[in-house]
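Chains as they are written, first to last, in the numbering used here: chain D, 10 to 196; chain V, 5 to 385.
We treat Cβ as the ideally placed atom computed from N, Cα and C, and that holds for glycine.
Everything numeric in this text was worked out from a predicted model, so none of it was measured.
First the structure, in the form of structure tokens, and then the observations on it.
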């Protein structure tokens with residue numbers, strides 16, 4: 010039986026979710042030798058507006074490149090949590106930005122609350138590396154891609170000169186994931 | 005170029021289109037950026053100047069297609085890329101390229117319409133515009149890839165057909181195929197065929213629109229030592245306008261014939277699990293991705309389902325569809341439009357079996373479960 014692991018990264022335009030999705034797909038497909046697709050959905054705005062990026066990871070051909078039964082959802086805004094939580098499969102994972110997503114409704118998912126954007130701002134001085142912190146958290150929790158693969162993929166994709174900043178962000182994400190305990194919102 | 009062709013990459017359909025254009029020898033691009041096609045222009049703006057090529061951002065799409073037609077006439081492979089609204093603006097000159105027999109490739113990465121519609125969301129709404137967008141009786145070639153690797157292959161094929169038949173070729177991507185990033189391994193430069201337009205052997209008595217056995221007159225590079233006339237008006241073999249009924253008929257019949265006669269060479273379909281299928285799906289582009297997934301879901305549910313995938317949209321795969329209509333019990337045609345190909349399918353099937361449409365026009369892709377439900381629905385009728 011082949012695996013099909015579906016990830017949706019959601020929030021608003023400008024948060025680097027499309028790039029994070031590409032990095033995750035490259036980590037899986039190029040460095041971990043799996044198959045992966047990444048696609049996105051966004052509005053006509055340059056910044057702001059709902060944005061989502063989807064990554065399908067499989068050891069087989071990927072016919073339909075969009076998420077249908079989500080294994081892991083990252084929600085960086087309340088709107089994206091509200092909109093997408095029902096697309097997560099039973100027992101799936103939801104990771105939310107603790108400051109941005111404050112109203113959590115019940116569901117049969119595992120919830121992780123992390124102040125991702127605050128960590129980016131306070132520990133690294135740049136809110137824009139929140140996407141890379143999120144990748145560290147995803148790697149730590151899901152184990153769907155290896156840490157090494159993700160680190161290589163980050164190095165290959167981020168702008169030259171920002172590698173250290175991004176590696177640090179990734180490391181912070183990994184460390185956060187180790188501290189985490191999932192909150193079950195419903196039995 | 006293409007030195008890393010054996011490397012595994014994650015690339016989008018649009019990036020693959022640009023890479024294939026470089027590989028097949030495109031050295032002129034004129035266009036006007038428009039979502040969801042802009043990455044094609046973006047990549048070529050960076051790469052063409054480094055490869056002895058020219059990239060021009062034009063003032064609009066009318067000028068863009070005018071520029072590529074002019075460039076191609078001088079002997080260079082030329083292309084443009086756009087989306088629905090820009091494709092509308094290009095229609096007049098697509099007819100010019102057909103009439104003057106000037107090879108060029110127009111990429112349309114389809115988004116929701118009509119008008120400015122849904123700039124960032126997928127659609128397959130320009131199927132009929134590709135066929136009949138320009139006025140007058142004409143034949144057209146249009147191809148629709150369904151994966152990143154196939155975008156690469158079909159971009160090359162689009163140029164090969166365009167050069168071979170001296171006609172514009174439309175490459176129809178949609179937002180999903182243009183923007184999806186997939187794992188892809190490109191072929192090496194020696195692993196694909198490149199076809200170039202037929203050139204005249206001698207400039208003595210050169211007739212630019214000569215009747216030949218192949219129906220495709222040799223094409224001299226304009227501005228070289230050949231002097232000839234090019235016009236969108238009906239013309240005789242010299243290229244000058246004519247009102248002679250016999251000459252007009254000769255030209256229009258040849259333009260029709262040079263495509264129709266080669267339908268078998270141009271039309272490509274992919275059969276997927278069709279041999280024992282009772283339920284047949286006909287799909288293309290991103291809807292075929294949904295359909296392929298749905299075929300597997302249906303087979304897991306014990307329903308013998310298969311897909312005939314249209315790789316060539318125009319000319320239409322009439323023969324293939326009619327042949328398989330003797331085997332399947334019904335056809336389902338999922339499309340991201342109101343049923344533009346489904347009507348053609350009905351015509352090709354000639355009432356042999358029922359044809360059911362499944363259509364979606366809300367900017368969302370077709371979830372494979374929707375097609376599965378449609379299948380279940382139809383077999384219970």
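Counting only residues of its own chain and dropping the five nearest sequence neighbours on each side, residue 125/D has a CB closer than 6 Å to the CB of 106, 139, 142, 143.
By the C-beta density criterion, residue 311/V is buried, having at least 16 other C-beta atoms within 10 angstroms. Taking the Cα of residue 255/V as reference, the smallest distance to any Cα among 220/V, 346/V, 33/V, 111/V is reached at 220/V. Around the beta carbon of residue 46/D, 16 or more other beta carbons sit within 10 angstroms, so the residue counts as buried. Closest in alpha carbon position to residue 323/V, among 280/V, 264/V, 363/V, 85/V, is 264/V. Between residue 384/V and residue 365/V, the C-beta spacing is not below 8 Å.
Here the alpha carbons of residue 50/D and residue 179/V stand approximately 10 Å from one another. At a Cβ-Cβ threshold of 8 Å, residue 328/V and residue 284/V count as neighbours.
Two segments are said to touch when three or more pairs of C-beta atoms, one from each, lie closer than 8 Å; by this definition the segment 283-297 of chain V touches the segment 370-382 of chain V.
Boundaries around residue 82/V are those of the beta strand (DSSP E), 81-86, since no alpha helix (DSSP H) includes it.
Contact between residue 72/V and residue 98/V does not hold, since the beta-carbon distance rounds to 11 Å and is not under 8 Å.
Chain D places a beta carbon closer than 8 Å to that of residue 297/V, counting this residue as a contact. Per DSSP, residue 108/V is one residue of the beta strand (DSSP E) stretching across 108-116. Within the same chain, 320 come within 6 Å of residue 348/V by CB-CB distance, once the 5 residues on both sides are set aside. Taking C-beta atoms as the reference points, residue 83/D and residue 67/D fail to come closer than 8 Å. What residue 24/D touches in chain V, judged by beta-carbon distance under 8 Å, is nothing: the nearest beta carbon there is about 16 Å away. Contacts with chain V (Cβ-Cβ distance below 7 Å) from the segment 29-53 of chain D involve 31, 34, 35, 38, 39, 44, 45, 46, 47, 48, 49, 51, 52, 53, listed in chain order.
An exposed status is given to residue 249/V, since fewer than 16 other beta-carbon atoms sit within 10 Å of its beta-carbon. In this structure, residue 102/D sits near residue 80/D, with a CB-CB distance shorter than 8 Å. From the beta-carbon of residue 75/D, the residues of chain V found nearer than 7 Å are 369. Per the coordinates, the alpha-carbon of residue 147/V lies some 19 Å from the alpha-carbon of residue 105/V. Look at the segment 19-62 of chain V and you find these whole runs of beta strand (DSSP E), each 3 residues long or longer: 30-35, 58-61.
Note on the segment 80-123 of chain D: whole beta strand (DSSP E) runs with a minimum of 3 residues are 97-106, 119-123, in chain order. Shown here, residue 49/D sits in a strand according to DSSP, grouped into three states.
Secondary structure of residue 135/D (DSSP, three-state): coil. No Cβ-Cβ contact shorter than 8 Å links residue 62/D with residue 85/D.
With a threshold of 8 Å between beta carbons, residue 106/D makes no contact with chain V.
Leaving aside the five residues that flank residue 362/V on each side, the residues in its chain whose CB is nearer than 8 Å to its CB run, in chain order, 336, 337, 338, 339, 370, 374, 375, 378. Annotation for residue 132/V: the continuous alpha helix (DSSP H) segment containing it runs 131-136. Looking from the CA of residue 318/V, the closest CA among 210/V, 111/V, 134/V belongs to 134/V. By the Cβ neighbour-count rule, residue 95/D is exposed, with fewer than 16 other Cβ atoms within 10 Å of its own. The beta strand (DSSP E) runs of length 3 or more contained entirely in the segment 225-300 of chain V are, from start to end of the chain, 273-276, 283-287. If you look at residue 372/V, you'll find it in the alpha helix (DSSP H) that goes 372-383. The Cβ neighbour count for residue 193/V, taken over all protein chains shown within 10 Å, is under 16; the residue is labelled exposed. Relative to residue 75/D, the option among 92/V, 120/V, 184/V whose CA is nearest is 184/V. Excluding residues up to 5 positions away in sequence, 181 lie with their Cβ nearer than 7 Å to the Cβ of residue 132/D in the same chain.
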